[in-house]
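Single-structure report; data block below.
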Amino acid sequence: MFYRLWLKRIIFSPTEVFRLTSLFSVFGLVLGVAVLTVALLTVNGFSRSLQKVIVDRNGHFVFLSEEKQSLESFSKKLEPYQSSIRQAVPFLSFAGLVANSQELKGVIFEGLDFKSFSSELPIQQRLVQGKIDLKGSDSFVILGRFLAEDLGVRVGDLVQTVFVDPSGQMGSSRKTKTFPVKGIVDMGKHDLNSRLVLMPLSASQKFMGQEDQISGLRIWLQEESQANYFVRTLNNQYRDRGYQAVSWRDMEKSFFNNINSDKQIIFFVLLILIIAAGFNVSSALFVQVFKRTREISILKAMGAGNSIILKIFLLRGWALV
Numbered sequence: 004m005f006y007r008l009w010l011k012r013i014i015f016s017p018t019e020v021f022r023l024t025s026l027f028s029v030f031g032l033v034l035g036v037a038v039l040t041v042a043l044l045t046v047n048g049f050s051r052s053l054q055k056v057i058v059d060r061n062g063h064f065v066f067l068s069e070e071k072q073s074l075e076s077f078s079k080k081l082e083p084y085q086s087s088i089r090q091a092v093p094f095l096s097f098a099g100l101v102a103n104s105q106e107l108k109g110v111i112f113e114g115l116d117f118k119s120f121s122s123e124l125p126i127q128q129r130l131v132q133g134k135i136d137l138k139g140s141d142s143f144v145i146l147g148r149f150l151a152e153d154l155g156v157r158v159g160d161l162v163q164t165v166f167v168d169p170s171g172q173m174g175s176s177r178k179t180k181t182f183p184v185k186g187i188v189d190m191g192k193h194d195l196n197s198r199l200v201l202m203p204l205s206a207s208q209k210f211m212g213q214e215d216q217i218s219g220l221r222i223w224l225q226e227e228s229q230a231n232y233f234v235r236t237l238n239n240q241y242r243d244r245g246y247q248a249v250s251w252r253d254m255e256k257s258f259f260n261n262i263n264s265d266k267q268i269i270f271f272v273l274l275i276l277i278i279a280a281g282f283n284v285s286s287a288l289f290v291q292v293f294k295r296t297r298e299i300s301i302l303k304a305m306g307a308g309n310s311i312i313l314k315i316f317l318l319r320g321w322a323l324v
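Be aware that the sequence shown starts at 4, since it is given in our numbering, and climbs by one per residue.
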């Protein structure tokens, strides 16, 4: 009877529930929750995009050596783990210069054994111009998007590469060679797009005069979650021999730490706003209870207990929210 009486009053007086102040309070709470959700989803989406860029570029982890080693030397150390490795791609990395007729840029050269990829090339998916033809000549380069813009070159143009060898017989010696540009790639990071020059591994070895020598292996696993386990295992076994394994997360550790810090700051700031909006809703309901002294007196006179009145106001608050 008490609930029917109260519901009848609500039905015939809808403004009692949907007051403007109450609607504003609820809107503030909903808006705060929505902003928190969108902000965290945006940061998480950016983190996942960065992870994909790093994994496409470096694999799940990189196995390196302090000095250039042969592919066989690296492969022997990974033999016990072959069943968990999807693909291991050797690379040779070195610093140098690239130039056209007007510009000269300091870059990072990386020779990749494109034929070692067991599936579609991750680099192929990120090409914005050109195409990698593994059946053709192995003497070509692929430039980062911003680097190509700075040099003013397109696919098919020629660029001159320069490598300074500090181990020359009479001090440092300079090696130069001209390569055609076969592709322009967007790696998703400004520093990579501004400095990265990719070429086939065989071409980079010939250019540096280091036949059969590589800097390390970029390794993609069957299960991404096993990356940290392999990094710890390989470092425990081979770090004292001059080898090192680095996971994709450790390669950008400071960047991911900054992202996590930003997520925490955004969460706590928006949480305070949501709590404030919740207090606004509570205060609106609290004031409405004090304004209903006449209705409460009538219910008391009709025999309603405190628990019934409490349930009625809880039902009112639930209907508002």
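For every residue, glycine included, the Cβ atom is placed at its ideal position computed from N, Cα and C.
Rank Val188, Asn47, Asn103, Asn239 by C-alpha distance to the C-alpha of Phe66 and give the top, closest one.
-> Stepping through the sequence shown from its first residue, residue 66 is reached at position 63. When only C-alpha atoms are compared, the closest one is Asn239.
Under 8 Å between C-beta atoms of Leu95 and Val110 | The residue labelled residue 95 in the question sits at position 92 within the sequence shown. The residue labelled residue 110 in the question sits at position 107 within the sequence shown. Going by C-beta atoms, Leu95 is not nearer than 8 Å to Val110.
Measure the C-alpha to C-alpha separation of Tyr52 and Ser310 and round it to an integer number of angstroms.
-> As a first step, residue 52 must be located in the sequence shown, where it is residue number 49. As a first step, residue 310 must be located in the sequence shown, where it is residue number 307. Sequence check: residue 52 is Ser here, not Tyr. When rounded, the distance between both Cα atoms is 54 Å.
Compute the beta-carbon to beta-carbon distance between Glu113 and Leu199, rounded to the nearest angstrom, for a pair I have assumed lies under 8 Å.
-> As a position in the sequence shown, residue 113 is number 110, starting the count at 1. As a position in the sequence shown, residue 199 is number 196, starting the count at 1. Glu113 to Leu199, Cβ: 7 Å. Contact.
Assess, as a yes-or-no matter, whether the segment 175-193 is touched by the segment 70-80 under the definition of 3 or more beta carbon pairs within less than 8 Å.
-> no
Contacting residues, own chain, Cβ-Cβ under 8 Å from Leu43 (five flanking each side not counted) | The residue you call residue 43 lines up with position 40 of the sequence shown. The answer, listed in chain order, is Lys266, Ile269, Phe270.
To the nearest angstrom, how far is it from the Cα of Val234 to the Cα of Gly48?
-> Within the sequence shown, the letter at position 231 stands for residue 234. Within the sequence shown, the letter at position 45 stands for residue 48. Whole-angstrom Cα-Cα distance: 26 Å.
What separation, rounded to the nearest whole angstrom, lies between the Cα atoms of Gly245 and Ser218?
-> Locating residue 245 in the sequence shown gives position 242, where the first residue counts as 1. Locating residue 218 in the sequence shown gives position 215, where the first residue counts as 1. Distance between the alpha carbons of Gly245 and Ser218 is about 12 Å.
Could you check where the alpha helix (DSSP H) with Ile329 kicks off and where it finishes?
-> What is shown of the chain runs 4 to 324, which leaves residue 329 out entirely.
Neighbourhood of Val165 by C-beta distance below 6 Å, restricted to the same chain and skipping five residues each side = As a working mapping, residue 165 is identified with position 162 in the sequence shown. If we look at Val165 and ignore the five residues flanking it on each side, its Cβ neighbours are Gly99, Leu100, Thr179.
With distances taken Cα to Cα, identify the nearest neighbour of Pro183 among Phe143, Ser86, Val167.
-> The residue labelled residue 183 in the question sits at position 180 within the sequence shown. Ranking Phe143, Ser86, Val167 by Cα distance to Pro183 puts Phe143 first.
Taking Glu226 as part of the beta strand (DSSP E), name the residues at either end of that continuous run.
-> Locating residue 226 in the sequence shown gives position 223, counting from the first residue. Careful: Glu226 lies outside any beta strand (DSSP E) and carries neither H nor E.
Once you ignore the five residues that flank Pro125 on each side, which residues in its own chain have a CB closer than 6 Å to its CB?
-> Looking up residue 125 in the sequence shown gives position 122. Only Asp59 meet the Cβ criterion.
What's the call for Pro83, buried or exposed, on a 16-neighbour Cβ count within 10 Å?
-> As a position in the sequence shown, residue 83 is number 80, starting the count at 1. Pro83 should be labelled exposed.
For Leu1, the residue or residues it bridges with in DSSP = Residue 1 is absent from the model: the chain starts at 4 and stops at 324.
Proximity below 8 Å, CB of Ser3 to CB of Gln216 | The structure shown does not extend to residue 3, since the chain is modelled only from 4 through 324, so no value can be given for it.
Within its chain, find whatever has a CB closer than 6 Å to the CB of Ser205; leave out the 5 residues flanking it on each side and keep chain order.
-> On the sequence shown, position 202 is the one that residue 205 refers to. Result list for Ser205: Asp141, in chain order.
DSSP-derived helix/strand/coil call for Phe49 = The residue labelled residue 49 in the question sits at position 46 within the sequence shown. Here Phe49 sits in helix by DSSP.
Count the other C-beta atoms from every protein chain shown that fall within 10 angstroms of the C-beta of Phe117, then say buried if there are 16 or more, exposed otherwise.
-> Taking the first residue of the sequence shown as 1, we reach residue 117 at position 114. By the neighbour-count rule (16 or more Cβ atoms within 10 Å), Phe117 is buried.
Quick one: is Lys55 buried, meaning 16 or more other Cβ sit within 10 Å of its Cβ, or exposed?
-> Residue 55 sits at position 52 when you count from the first residue of the sequence shown. Classification of Lys55: exposed, given that the 10 Å Cβ count is below 16.
Nearest candidate by alpha-carbon position, reference Asp194, set Ser86, Arg148, Asp253 | As a working mapping, residue 194 is identified with position 191 in the sequence shown. Considering only alpha carbons, the answer is Arg148.
Per DSSP, what kind of secondary structure is Ile57 in: helix, strand or coil?
-> Indexing the sequence shown from 1 puts residue 57 at position 54. Helix at Ile57.
In whole angstroms, what separates the C-alpha of Gln172 from that of Lys108?
-> Residue numbering aside, residue 172 sits at position 169 when the sequence shown is read from its first letter. Residue numbering aside, residue 108 sits at position 105 when the sequence shown is read from its first letter. Only weak support is given to the placement of Gln172: the predicted model assigns it a pLDDT of 47, under 50, and the question is left unresolved by the model.
Locate the beta strand (DSSP E) running through Phe66, then write down its first and last residues.
-> For the purposes of this step, residue 66 is taken as residue 63 along the sequence shown, with counting starting at 1. Unbroken beta strand (DSSP E) run through Phe66: 64-73.
Provide the residue(s) that pair with Leu39 in DSSP beta bridges, ordered along the chain.
-> Translated into the one-based positions of the sequence shown, residue 39 becomes position 36. The partner list for Leu39 (beta bridge, DSSP) is empty, contrary to what the question assumes.
Would the beta-carbon of Gln90 fall within 8 Å of that of Ser68?
-> For the purposes of this step, residue 90 is taken as the residue at position 87 of the sequence shown. For the purposes of this step, residue 68 is taken as the residue at position 65 of the sequence shown. No, the pair does not count as a contact, with Cβ atoms beyond the cut-off.
Spatial distance of Phe64 from Ser87 (CA atoms) = Taking the first residue of the sequence shown as 1, we reach residue 64 at position 61. Taking the first residue of the sequence shown as 1, we reach residue 87 at position 84. For Phe64 and Ser87, the distance between alpha carbons rounds to 13 Å.
Cβ separation of Ile187 and Ala230, assumed to be a contact under 8 Å, to the nearest whole Å = Sequence index remark: in the sequence shown, residue 187 carries index 184 (1-based). Sequence index remark: in the sequence shown, residue 230 carries index 227 (1-based). About 30 Å separates the two Cβ atoms, so there is no contact after all.
Helix, strand or coil: how does DSSP classify Ser96 here?
-> Working through the sequence shown from its first residue, we reach residue 96 at position 93. Correct three-state label for Ser96: strand.
Determine, using beta carbons only, whether Gly191 and Val158 come nearer to each other than 8 Å.
-> Taking the first residue of the sequence shown as 1, we reach residue 191 at position 188. Taking the first residue of the sequence shown as 1, we reach residue 158 at position 155. No, they are not a contact pair.
Return helix, strand or coil for Asp112, following the three-state DSSP convention.
-> On the sequence shown, position 109 is the one that residue 112 refers to. Per the sequence shown, residue 112 should be read as Phe rather than Asp. The answer is strand: DSSP assigns Phe112 an E or B state.
Evaluate Lys256 with the Cβ neighbour count: other Cβ atoms within 10 Å of its Cβ, from every protein chain shown; 16 or more gives buried, anything less gives exposed.
-> Taking the first residue of the sequence shown as position 1, residue 256 is located at position 253. By the 10 Å Cβ count, Lys256 comes out exposed.
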